[in-house]
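Chains as they are written, first to last, in my numbering: chain A, 123 to 384; chain B, 65 to 387.
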Amino acid sequence: MRAYVEIAVKKFQDKMAYRLDFFMGIVNTAITIVVYLCIYRALYGNSVEVDGITYQMVATNFVITLGLSNAFGYNEMFLQDKVRDGSITNELLKPVSFIFRLLAENVGEGAFKLIFHFLPALLFTMVHTRLCPPQSALHLLIMFGSVVLGYLILWLLSFIIQTWSFWLFSVWGIITIKNVLVNILAGTLLPLWFMPAALRRLISYTPFEAIYFTPVRIYLGELSGAQLLLGVAVQVIWIAVLGVTANVFWKKGVKKLVVQGG
Amino acid sequence: METIIAVEGIRKYYKVAKRDRGMRAAIGQLFNRKYEVKKAVDDISFMIGRGEIVGFIGPNGAGKSTTIKMLSGILYPDAGSVEIDGFVPYKQRKQYVKNIGVVFGQKSQLNWDLPLIESFELMKFIYKIPQEQYEENLKLFSELLDMEPFLRQPVRQLSLGQRMRGDIVAALLHSPELVFLDEPTIGLDVVAKEKIREFIRYMNKTRKTTIIFTTHDMQDIEKVCDRLIIIDKGKKIYDGSIDEIKNKYTNFKTIEILLENGGKETETFDIRVTPMNSVLQKLFAEKHIKDISICEPEIDGIIRDIYEGRLLLDSPAMEGTGV
Numbered sequence: 123m124r125a126y127v128e129i130a131v132k133k134f135q136d137k138m139a140y141r142l143d144f145f146m147g148i149v150n151t152a153i154t155i156v157v158y159l160c161i162y163r164a165l166y167g168n169s170v171e172v173d174g175i176t177y178q179m180v181a182t183n184f185v186i187t188l189g190l191s192n193a194f195g196y197n198e199m200f201l202q203d204k205v206r207d208g209s210i211t212n213e214l215l216k217p218v219s220f221i222f223r224l225l226a227e228n229v230g231e232g233a234f235k236l237i238f239h240f241l242p243a244l245l246f247t248m249v250h251t252r253l254c255p256p257q258s259a260l261h262l263l264i265m266f267g268s269v270v271l272g273y274l275i276l277w278l279l280s281f282i283i284q285t286w287s288f289w290l291f292s293v294w295g296i297i298t299i300k301n302v303l304v305n306i307l308a309g310t311l312l313p314l315w316f317m318p319a320a321l322r323r324l325i326s327y328t329p330f331e332a333i334y335f336t337p338v339r340i341y342l343g344e345l346s347g348a349q350l351l352l353g354v355a356v357q358v359i360w361i362a363v364l365g366v367t368a369n370v371f372w373k374k375g376v377k378k379l380v381v382q383g384g
Numbered sequence: 065m066e067t068i069i070a071v072e073g074i075r076k077y078y079k080v081a082k083r084d085r086g087m088r089a090a091i092g093q094l095f096n097r098k099y100e101v102k103k104a105v106d107d108i109s110f111m112i113g114r115g116e117i118v119g120f121i122g123p124n125g126a127g128k129s130t131t132i133k134m135l136s137g138i139l140y141p142d143a144g145s146v147e148i149d150g151f152v153p154y155k156q157r158k159q160y161v162k163n164i165g166v167v168f169g170q171k172s173q174l175n176w177d178l179p180l181i182e183s184f185e186l187m188k189f190i191y192k193i194p195q196e197q198y199e200e201n202l203k204l205f206s207e208l209l210d211m212e213p214f215l216r217q218p219v220r221q222l223s224l225g226q227r228m229r230g231d232i233v234a235a236l237l238h239s240p241e242l243v244f245l246d247e248p249t250i251g252l253d254v255v256a257k258e259k260i261r262e263f264i265r266y267m268n269k270t271r272k273t274t275i276i277f278t279t280h281d282m283q284d285i286e287k288v289c290d291r292l293i294i295i296d297k298g299k300k301i302y303d304g305s306i307d308e309i310k311n312k313y314t315n316f317k318t319i320e321i322l323l324e325n326g327g328k329e330t331e332t333f334d335i336r337v338t339p340m341n342s343v344l345q346k347l348f349a350e351k352h353i354k355d356i357s358i359c360e361p362e363i364d365g366i367i368r369d370i371y372e373g374r375l376l377l378d379s380p381a382m383e384g385t386g387v
């Protein structure tokens, strides 16, 4: 366990090494959020609400989803590159689980971006746009937990595709398709409230809704009591399903591994 | 001597996609792909005793790295068995790798952006090295390898020689009993090479670490190893001491002559077939010689001749010279 914590901490420090990247990250997150808010401000015009959803809720949704999706980005070509240049061997020579080691590293990076990119961008947004307050302190707290679960779902989706590098040698295309799907189906492009009912229903059967939208709804108080528990339970189930799948692909991939350049 | 590594008839075949040149072939291979089988390792067996230091050599593509990868547990052999210190490496990988250290000279395992010392710290946690042992090893290793001046520099700013020393230390901090060094001196200058050789010898002498060492530099082998395994085209062609291989070829001499017109010529021959006397007489009769020197065969030359098929290791004396 200690090893994984250290890996996360090292990655955190590692990110500090690049000063320009540090400042650009804040600007990047802030600009993304502001652009979306401007578009939706214009779309709302003088209306107070659309389909029962206020501009304030939309703004809150975007601050959370865009802010998190920026913070949760990392190098998804990691495993592919390691397989291609053969340095995956160095990973397999360590007495640690690769899945947890990679997760730890990505979490380290995510934590860095949450604190140093997302928080400043959030403060900047709050200066010019009024956001919805959390339903209650408890909802806020549960939302934090739900964000962690959402991250794990997102991470596992990416990891599963990354493990396909063992067979395909290039997964860039599939990763890109996955990211488009996440953008559309997880609500980073269009809040899921505005999706046609049929599509919305379809999305609720996929892991995508559980990534960002469940935490957003918990924060806003749309999910409370039994519904809230159900929302979190769905997240946990997806993590279990994806976790088992990821493990199977990883194990099979390692077995099949042909180290290039050997 | 107690056996630490027992390798029995291991094979590793790769299926390589074969493709002709040109557009037609490029499109054709999308539908009907032809493969050929490349025998990277083809029935290799050997035993290595605890505390031995073995040079593992062969021309490029001979199967050295593939063998090392099977021994270190990251490649499954297609046939045969490997047992190392009670483990079957590729089946009990995670348990097994705790007790070994591996350096792939061409693939650094250090964290590119962090100071060297941070990568070492990480090893401490990954291998659960007790603090005392960690500090003791780090102090000793950085003295032996002269690493104090660059311990706090980011790895990306290190020279190749510094980085390689860093990689070797990272692989040895947990005091493994068995160490695989795959081309640890590749691309290094003489001084850096010498430092690394001294260090390897020291580890072997004082800690009885078993070391398997691949290289293309015969100086490495001569200065560091007691025993030599040569493989070529996936097969073991020699296993024995370096002195033995040299003795066998003391019958081979090389004459270098400097002609009066400034030209240089060399000639290698077997004195059992053509005695020195007859060779010299012929030379003196045919050429105007300004200077002449007779050289003992050097291990470099011998190995080159073996690789190029000019020397054959087929005499009975060369068989079964292993442990």
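Virtual Cβ for every residue (Gly too), placed ideally from N, Cα, C.
At least one beta carbon of chain B lies nearer than 9 Å to the beta carbon of A/Thr211. In the DSSP assignment, B/Ile164 falls within the unbroken beta strand (DSSP E) covering 164-168. A straight line joining the alpha-carbon of A/Arg163 with that of A/Tyr177 spans about 7 Å. Contact check for A/Val354 and A/Ser268: beta-carbon distance about 6 Å, within the 8 Å limit, so the pair qualifies. Along the stretch 128-139 of chain B, going in chain order, the ones with a CB nearer than 7 Å to a CB of chain A are Ser129, Thr130, Lys133, Ser136, Ile138, Leu139.
One alpha carbon belongs to B/Gln345, the other to B/Glu362, and they sit about 25 Å apart. Note on geometry: alpha-carbon atoms of B/Val243 and A/Ile282 lie some 33 Å from one another. Beta-bridge partners of B/Arg291 (DSSP): B/Val118, B/Ser305. A Cβ of chain B is located within less than 9 Å of the beta carbon of A/Arg124.
Membership of B/Gly144 in the beta strand (DSSP E) is indicated by the continuous run 143-148. Interface annotation, B/Phe189: in contact with chain A, CB-CB separation under 9 Å.
The shortest CA-to-CA distance from A/Ile210 to any of A/Leu201, A/Val185, A/Leu236 is the one to A/Leu201.
Judged by DSSP in its simplified three-state form, B/Met211 adopts coil rather than helix or strand. When B/Ala234, B/Lys287, B/Thr278 are compared, the shortest CA-CA separation from B/Val254 is found for B/Lys287. Note that the C-beta distance between A/Ala368 and A/Ile129 is not below 9 Å.
In the structure shown, the three-state DSSP call for B/Arg75 is strand. A/Phe194 sits in coil when the DSSP states are folded into three classes, being neither helix nor strand. As computed with DSSP, B/Tyr99 is found in a beta bridge with B/Ala81. Scanning the stretch 247-298 of chain B for uninterrupted beta strand (DSSP E) segments of 3 residues or longer gives 274-278, 291-296, listed from N- to C-terminal end. Straight across, the Cα-Cα distance linking B/Thr338 with B/Lys317 is about 11 Å.
Residue pairing for B/Leu245: DSSP places it in a beta bridge opposite B/Val167, B/Phe277. In the three-state scheme derived from DSSP, where H, G and I count as helix and E and B as strand, A/Phe291 is classed as coil. For the 9 Å CB-CB criterion, A/Asn228 and A/Lys374 do not form a contact. Close to B/Arg157, with beta-carbon spacing below 8 Å, are these residues of chain A in chain order: Leu214. In the three-state DSSP reduction, A/Met146 falls in the helix class (H, G or I). In this chain, the alpha helix (DSSP H) harbouring A/Leu364 covers 347-378. Secondary structure at A/Thr310: coil, using DSSP grouped into helix, strand and coil. As a beta-bridge residue in DSSP terms, B/Gly113 pairs with B/Thr67. For B/Asp177, the chain A residues whose Cβ falls inside 7 Å of its Cβ are Asp136, Ala139, in order along the chain. Nothing from the stretch 222-252 of chain B brings a Cβ to less than 8 Å from some Cβ of chain A. For the 9 Å CB-CB criterion, A/Thr154 and A/Val338 do not form a contact. A/Pro217 has a beta carbon lying within less than 9 Å of a beta carbon in chain B. Unbroken alpha helix (DSSP H) runs of no fewer than 4 residues, entirely contained in the stretch 126-171 of chain A, are found at 141-166, following chain order. Exclusion of the five residues before and after B/Val146 leaves Ile69, Ala70, Val71, Glu72, Ile74, Met134, Leu135, Val152, Pro153, Tyr154 as the residues of its chain whose Cβ lies within less than 8 Å of its Cβ. Check the Cα spacing between A/Thr310 and each of A/Lys377, A/Thr187, A/Glu231: the tightest is with A/Thr187. Neighbours of A/Glu128 in chain B, taken as residues at a C-beta separation under 7 Å, are given in chain order as Leu186, Phe189.
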